[in-house]
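Residue numbers (this note's numbering), protein chains in the order written: chain D, 2 to 385; chain W, 2 to 385. Here's the structure, in structure tokens; my notes come after.
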């Protein structure tokens, strides 16, 4: 258990916290406010941001789409350069915040921003970012990672760099009041899988990391099972803080990491526009069944400590079945349907495998056990 | 659940990490290395620090005692001023690190350092500190608090300031190999009570904070019960990381805080030189029995989630008894003995109450329910 860990993002958690950004952004810096489809204009968040920035010089960039594309974000990069932007405020969920990270790094680079994603440019400078979270899910508000899509080639890739980690993250649970049900549930599933990627591995014996991961999973299970009562302050606050903790680096410090579900899931989203969280629910149960021998100790531990099962000879299957049943209970499908991939199952699997190969995803998982052949076997069950 | 939280201390965790400090201290800064009684010269830690600092200009200050006194620390303050020290490395446990915090702040102040403890000087500048932890217990390596004693008046007071929080904390579990048993067990008990102070309150419904706190308590219970097998890497790493998490601000963010056990315990240490951890074990069971109506919901939750008890009408008593039995199983007494306070019980209680009154500790606990009369009632059971 050796690691280096720090999380320098200042968390401003609670109702009414958006106004605090005025003290968190240097008075003399010119700000770009980024957001998505405009829901923040309906739910009052835009007004709160605007009020807080009344003493600042700022412009805005809207229309950041889910699974943001480099093509669209490059327009904001050009704005940052032309307008000499010094600080970026991302108002949104993971897509807007990930987009802000790309823009922050690309705005300090003379070449093509996509170079960052393919490893041709190592980020050495970035504009500072502040995040105002409107959708708890990805943890992007206090980590250094971003996932960006190139629309023209359907490549969905990620990069990690401490320079793009937000300086602060405002987490006001009230912003969740107007979220569509689908997004709320996607966030819950996304956070669940984030924990699993850092917990359901071959590693054993890390008592803090495992115990924290089990806490977050139990929270998500409780909140999901209590979904019908989600319209209250405590439910919202607990989901928001749980989803943040799921991917702020803490439970993953010194732990083994899998992320194979994410890597395969990214291809489904890039190819077929499946929601990110749904792509994970499609891949994960099949992947866990495929890897159930390698991961058996941890899956059993999860069955006992998270689901409350007693030890028995079917515990591994019982636990994976319970996870799949949990997704289905939330209305989240666990197979890629024919309507989504528009062709035969065999054709769809071939296309996905080709993209994985193109992106170098040929030995995934904490023990690099998931080769392309293994991914193919996983997809046999995941694709209808 | 409203809070602001950030922990900017960079954690370097694992075997062999002491050497990493050379990259963490600016090359041109003059360093003061502080330590305690010299055990670090026997266990190799001093040599590792010395090797890592071979490119730096540095001097040392040793002899920092447990429950460090302002009188002794002021000598180091004078050294810092005379030698224009720019960075402090604290090599030790909570006493050395707390001492470093006092020195770091007092060295940037023209008046008497004790002014910081009595609130006459608000810290506005401090030398940067790096911590090399040799005794997992207080969490001081990655928080902003310090407890300092004035020997002449037997005042033991605390201060909190983000400017004195260590820039980095090296946590190499190997340093624990040569720790005396008493210190190892004190650390375990200290961490346990730190969690309780932020968990056993009247607050309810914070799922992340409560779940994390229960994880840490379960870890400490498991490690304590497995104490005979403590001589292995995993045991050491788990205790070190658990004790850090117990007081790095995370489980306390957005939670209610008690700290009455600490405030009363500080008086026992200042008056009778009882080990800090032992002072807590003396006060806490009696305090919890006294406050068991106010805190009953959380004590029951602890009984079920930490000790694995089933709900029953004696659950509150059963849980407090189990905590007391846990301390005793580790050889830690839960009463202040006559030999320690040297006088009659009534006299000792009078002296302690007078000190509490002098220090303004007249309404302690998360609901300020612990008045001097309540403290007196608590001490009736805690003092033999």
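Virtual Cβ for every residue (Gly too), placed ideally from N, Cα, C.
**Message:** Is residue 9 of chain W close to chain D? Criterion is C-beta to C-beta, closer than 8 Å.
**Reply:** Interface residue (Cβ-Cβ distance to chain D less than 8 Å): residue 9 of chain W is classified as such.
**Request:** Determine the direct distance from the alpha carbon of residue 116 of chain W to that of residue 122 of chain W, and round the result to whole angstroms.
**Result:** Each residue's Cα considered, the two are about 5 Å apart.
**Asked** Closer than 8 Å, CB to CB, is residue 233 of chain D near chain W or not?
**Response** No, residue 233 of chain D lies away from the interface with chain W (no Cβ there is under 8 Å from its Cβ).
**Request:** Can you say whether residue 217 of chain W is buried or exposed, counting buried as having 16 or more other CB atoms within 10 angstroms of its CB?
**Result:** With a threshold of 16 other beta carbon atoms within 10 Å, residue 217 of chain W meets it and is buried.
**Asked** When the Cα atoms are used, what is the spatial distance from residue 53 of chain W to residue 165 of chain W?
**Response** Across the structure, residue 53 of chain W and residue 165 of chain W are spaced so that their CA atoms are roughly 23 Å apart.
**Prompt:** Would the beta-carbon of residue 384 of chain W fall within 8 Å of that of residue 343 of chain W?
**Reply:** The Cβ atoms of residue 384 of chain W and residue 343 of chain W do not sit closer than 8 Å to each other.
**Item:** Cβ-based contacts, 7 Å cut-off: residues of the segment 191 to 221 of chain W near chain D
**Value:** Near chain D, meaning a CB-to-CB distance below 7 Å, the residues of the segment 191 to 221 of chain W are 206, 208, 209, 212, 213, 216, 219, 220.
**Prompt:** Whole-angstrom Cβ separation of residue 145 of chain W and residue 161 of chain W, contact assumed at under 8 Å?
**Reply:** Rounded, the Cβ-Cβ distance is 5 Å, consistent with contact.
**Message:** Starting from residue 170 of chain W, trace the beta strand (DSSP E) in both directions and tell me its first and last residue.
**Reply:** 169 to 172 is the span of the beta strand (DSSP E), which, as asked, contains residue 170 of chain W.
**Prompt:** Can you list the residues of chain D that residue 15 of chain W reaches, using a CB-CB cut of under 7 Å?
**Reply:** Per Cβ cutoff of 7 Å: 2, 3, 4.
**Item:** CA-to-CA distance, residue 39 of chain W to residue 45 of chain W, given in whole angstroms
**Value:** The alpha-carbon separation between residue 45 of chain W and residue 39 of chain W amounts to approximately 11 Å.
**Prompt:** Name the chain D residues that come within less than 7 Å of residue 238 of chain W, Cβ to Cβ?
**Reply:** The contacting residues are 2.
**Message:** So within the segment 297 to 350 of chain W, which uninterrupted alpha helix (DSSP H) runs reach at least 4 residues, ignoring any that extend past its ends?
**Reply:** Listed in chain order, they are 297 to 306, 316 to 330, 339 to 342.
**Request:** State the Cα-Cα distance for the pair residue 137 of chain D and residue 188 of chain D, rounded to the nearest angstrom.
**Result:** Going from the Cα of residue 137 of chain D to the Cα of residue 188 of chain D covers about 6 Å.
**Prompt:** What residues in the segment 243 to 272 of chain D have a beta carbon less than 7 Å from any beta carbon of chain W?
**Reply:** Residues passing the 7 Å Cβ filter: 243, 246, 255.
**Prompt:** In chain order, what residues of the same chain have a beta carbon less than 6 Å from the beta carbon of residue 179 of chain D, not counting five sequence neighbours either side?
**Reply:** Closer than 6 Å at Cβ, skipping near neighbours: 44.
**Message:** What would DSSP say about residue 6 of chain W, mapped onto helix, strand or coil?
**Reply:** Of the three classes helix, strand and coil, the one that applies to residue 6 of chain W here is strand, per DSSP.
**Prompt:** At which residues does the beta strand (DSSP E) containing residue 92 of chain D begin and terminate?
**Reply:** Counting along the chain, the unbroken beta strand (DSSP E) around residue 92 of chain D starts and ends at 88 to 93.
**Asked** Whose Cβ in chain W lies nearer than 9 Å to the Cβ of residue 12 of chain D?
**Response** Simply 4, 5, 6, 7, 254.
**Asked** Given a threshold of 16 other Cβ atoms within 10 Å of its Cβ, counted over all protein chains shown, does residue 298 of chain W qualify as buried or as exposed?
**Response** Residue 298 of chain W comes out exposed.
**Asked** Hey, residue 312 of chain D and residue 305 of chain D are a contact pair by Cβ (cut 8 Å); roughly how many whole angstroms apart?
**Response** The pair is a contact, with the Cβ atoms about 6 Å apart (cut-off 8 Å).
**Request:** Measure the CB-CB distance between residue 157 of chain D and residue 68 of chain D and report whether it falls below 8 Å.
**Result:** Closer than 8 Å, so yes.
**Request:** Would you mind listing the alpha helix (DSSP H) stretches within the segment 10 to 66 of chain W that are 4+ residues and don't spill past its ends, in chain order?
**Result:** Considered as a whole, the segment 10 to 66 of chain W harbours 22 to 25, 40 to 43, 46 to 53 as its complete alpha helix (DSSP H) runs of no fewer than 4 residues, in chain order.
**Item:** Cβ neighbours of residue 112 of chain W in the same chain (closer than 8 Å, five flanking residues each side left out)
**Value:** The answer, listed in chain order, is 121, 122.
**Request:** Rounded to whole angstroms, what's the CA-CA distance from residue 118 of chain D to residue 381 of chain D? Just pull it up for me.
**Result:** CA-to-CA, the gap between residue 118 of chain D and residue 381 of chain D works out to about 29 Å.
**Request:** May I have the straight-line CA-CA distance separating residue 349 of chain W from residue 255 of chain D, to the nearest angstrom?
**Result:** Straight across, the Cα-Cα distance linking residue 349 of chain W with residue 255 of chain D is about 48 Å.
**Prompt:** What first and last residue would you give for the beta strand (DSSP E) that runs through residue 159 of chain D?
**Reply:** The continuous beta strand (DSSP E) containing residue 159 of chain D extends over residues 156 to 161.
**Item:** N- and C-terminal bounds of the alpha helix (DSSP H) containing residue 223 of chain W
**Value:** 208 to 226 is the span of the alpha helix (DSSP H), which, as asked, contains residue 223 of chain W.
**Request:** Flag this pair as yes or no: are the beta carbons of residue 36 of chain W and residue 114 of chain W separated by less than 8 Å?
**Result:** Taking a C-beta distance under 8 Å as the contact criterion, residue 36 of chain W and residue 114 of chain W do not qualify as a contact pair.
**Request:** Run the CB neighbour count on residue 356 of chain W, radius 10 Å, all protein chains shown included, and call it buried at 16 or more, exposed below.
**Result:** Answer is buried; the Cβ neighbour count reaches 16.
**Message:** Taking 8 Å as the threshold (C-beta atoms), are residue 182 of chain W and residue 257 of chain W in contact?
**Reply:** No, the Cβ-Cβ distance between residue 257 of chain W and residue 182 of chain W is not below 8 Å.
**Asked** Relative to the alpha-carbon of residue 264 of chain W, which residue among W/153, W/359, W/131 has its alpha-carbon at the smallest distance?
**Response** Each of W/153, W/359, W/131 was checked against the Cα of residue 264 of chain W, and the nearest Cα belongs to W/359.
**Prompt:** Does the beta-carbon of residue 296 of chain W have 16 or more other beta-carbons within 10 angstroms, so that it is buried, or is it exposed?
**Reply:** Buried is the call here.
**Message:** Less than 8 Å between the C-beta atoms of residue 249 of chain W and residue 8 of chain W, yes or no?
**Reply:** For the 8 Å CB-CB criterion, residue 249 of chain W and residue 8 of chain W form a contact.
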